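Structure first, then comments.
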Amino acid sequence: MSGLEALVDWFAAGREAVEESERSLACDARLRALPREEIFLYVKPIDNTQVRCVARRSEWMSGAATAAVFLVAALCIIATIVPSTTVLAISHRIEALNQEKASLVNELRRLRSDEASLRSAERLEQYAGERFIAPPARALVYAPPGKSALASLDAR
């Protein structure tokens, strides 16, 4: 019988240990009592797998109307911004072209000056040396002014 008594004592000791641990948790000073901790909430699981979604036409129409309003607003904003930015870009391009024209005109003037200095009589004498003979005055031919000249004889 000693085996049976030891088995009962073992079960009793296990219960006493569980009760002791529950009492120690209940009396622990670190845990404070919460107000209304005796209220239990029951959460019922809901299964919506059999429920069909009903599409309402008014919700679709309101979404389409909202999208249309935003699209029109974006187009209006773009329509107000594009002309001013286009004018600004074109004015920058015109200014760049004017600066390029001025630099090309200055380059043309410099090249004409270089050409005139190379064709001068002193330079020709320098290149030709003793073989240069100046043409007589009767041998020179002067071309008439072109039609685009300001002081033309046909305008009289």
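Residue numbering for the sequence shown follows our numbering, starting at 30 and increasing by one per position.
From the three backbone atoms N, C-alpha and C, an ideal C-beta is built for every residue, glycine too.
Nothing here was measured: the structure is a model prediction, and the numbers come from that model.
In the DSSP assignment, the alpha helix (DSSP H) including leucine 169 goes from what residue to what residue? For leucine 169, there is no enclosing alpha helix (DSSP H), as DSSP marks it with neither H nor E.
Can you tell me which of the three DSSP states leucine 104 falls into? Of the three classes helix, strand and coil, the one that applies to leucine 104 here is helix, per DSSP.
Determine, using beta carbons only, whether arginine 152 and serine 146 come nearer to each other than 8 angstroms. yes
Measure the C-alpha to C-alpha separation of glutamate 124 and threonine 115 and round it to an integer number of angstroms. Distance between the alpha carbons of glutamate 124 and threonine 115: 14 angstroms.
How many Å lie between leucine 169 and alanine 163 at the Cα? 11 angstroms
Along the chain, where does the alpha helix (DSSP H) that runs through glutamine 155 open and close? Element bounds for glutamine 155: 150-157.
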